[in-house]
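Under UniProt numbering, the letters of the sequence shown match residues 1 to 339, in that order.
C-beta atoms are modelled at their ideal positions from N, C-alpha and C, and glycine is treated no differently.
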Amino acid sequence: MTQRLTYHLESTKRLNDRQHDFKEGKSVDIAINELLRKIKTARRDDKHILVLSIDIKGAFDNLQHRAILKSLDASACPRNINRLFHSLLQNRKVTLLTPQSRATKDQKQGCPQGSCSGPALWNLVANEILYQVWPDNVNIQAFADDFVLVIKADANRSLLEDTQSAITQFSSWCSENELAISTEETNYILFSKMWSAKLKDNNTVFQAELTALHEAVIYASHLPNHNTSKIHVDNGASIMASSNSKSTNKTARKIFKILLSNPRIEVSWVKTHEGNIGNERADQLAKDATQHGQPYSHTKLPKPHIKSLLRKRMLEEWQTSWKNGDTGITPQHTPELGA
């Protein structure tokens with residue numbers, strides 16, 4: 001009977017492709033790869049991402065028979081199979097013999113996990129939430145009774161609102177089917193939009209190091225007070241400059257003030273090119289930023305570059321005055337300055 005139901009559901013493609021358990025051609029590896037693909041795509045699109053893992057409390061034990069039959073009727077299942085399950089699940093009673101008497105109670109829920117029909121019937125009911133219309137920035141997938149929602153947005157506020165809306169939609173489905181979300185087993189992870197900036201070509205490496213450290217301490221200073229943040233830097237000069245309250249560098253002084261008022265933020269030096277995974281990753285991201293980073297206009301041009309520009313401009317004006325002068329004979333013999 002269960003095999004006939006499963007054959008009908010799979011041959012007619014009634015089961016949602018986002019259910020990755022109890023289905024031929026699906027596995028936990030495929031589920032994980034699909035989840036990672038969604039996360040990577042959203043990060044590549046420069047989005048904030050929240051991944052919400054939802055567990056249904058005692059899903060199989062609390063699966064309502066009326067929900068099974070409702071989903072069965074909606075599946076266009078052959079009449080003979082439909083009637084068999086209706087006959088099996090309606091008017092069920094459980095009797096328990098006690099020393100005092102016989103106790104009888106109606107059985108209206110329960111489809112033990114591990115039973116022959118349990119997986120197929122659960123997938124049938126879970127189909128409903130998977131087939132619901134979700135916003136374009138919300139993706140849902142399931143592995144048996146474990147669901148994952150991936151919500152992406154351009155801004156933190158939008159992410160919060162869209163996540164709350166998705167939770168409300170999922171909770172409504174649970175309420176309709178008398179299922180409860182396990183708050184103990186439900187977790188989330190946030191992938192914030194990755195900050196990536198590109199300085200002007202004339203900025204120095206030292207300026208880039210200080211800019212990155214400045215942005216890092218600003219970010220850490222906005223984290224909850226109970227969090228201790230450790231920032232690892234492979235540029236010793238930037239650490240020394242930012243530890244000096246009288247530094248001539250304005251950015252270094254800003255870093256010093258932030259660190260002074262936030263003792264929970266620690267800055268330490270790490271040796272570069274020593275196989276440190278985090279440091280190697282930071283170097284790679286820095287290289288990527290030179291090609292794909294957003295223009296960063298808060299860093300001024302370095303003094304040596306400004307002096308070079310001024311010297312070039314001075315020589316150009318001097319050359320013009322020298323060439324166009326109408327007194328003296330020296331320009332006639334030496335028309336080009338510095339020649």
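Looking only at C-alpha atoms, which of 273, 211 and 6 sits nearest to residue 250? 211
Could you give the residue range of the beta strand (DSSP E) that holds residue 270? Run containing residue 270: none; DSSP gives neither H nor E here.
Restricting to runs no shorter than 4 residues, where is the alpha helix (DSSP H) found entirely within the UniProt domain "RNase H type-1" (163-291)? 205-221, 236-242 and 250-261
Can you tell me whether residue 51 is helix, strand or coil according to DSSP? strand
Quick one: what does DSSP say residue 99 is sitting in, helix, strand or coil? coil
Quick one: grab the DSSP three-state call for residue 85. helix
According to DSSP, is residue 126 helix, strand or coil? helix
Is the beta carbon of residue 130 sitting closer than 8 Å to the one on residue 18? yes
Quick check on this structure: which residue in 265, 105, 68 and 187 has the alpha carbon closest to the alpha carbon of residue 215? 265
On the premise that residue 73 lies in contact with residue 80, defined as a C-beta separation below 8 Å, what is that separation, rounded to the nearest angstrom? The Cβ separation is near 14 Å, so there is no contact.
What residue does the alpha helix (DSSP H) around residue 3 start on, and which one ends it? 2-11
Backbone CA spacing between residue 312 and residue 318 [nearest angstrom]: 10 Å
Could you work out which residue in 107, 218 and 86 is closest to residue 71 when comparing CA atoms only? 86
Every unbroken beta strand (DSSP E) inside the region 139-163 [3 residues or more]: 146-153
Cβ distance (whole Å) where residue 151 is taken to contact residue 168 below 8 Å: Actually they do not touch by this definition, with Cβ atoms about 12 Å apart.
Alpha carbon to alpha carbon, how far is residue 54 from residue 144? Give it in angstroms, no decimals. 11 Å
Name the residue from 252, 161, 188 and 263 whose alpha carbon lies nearest to the alpha carbon of residue 222. 263
Where does residue 303 fall in DSSP's three states? helix
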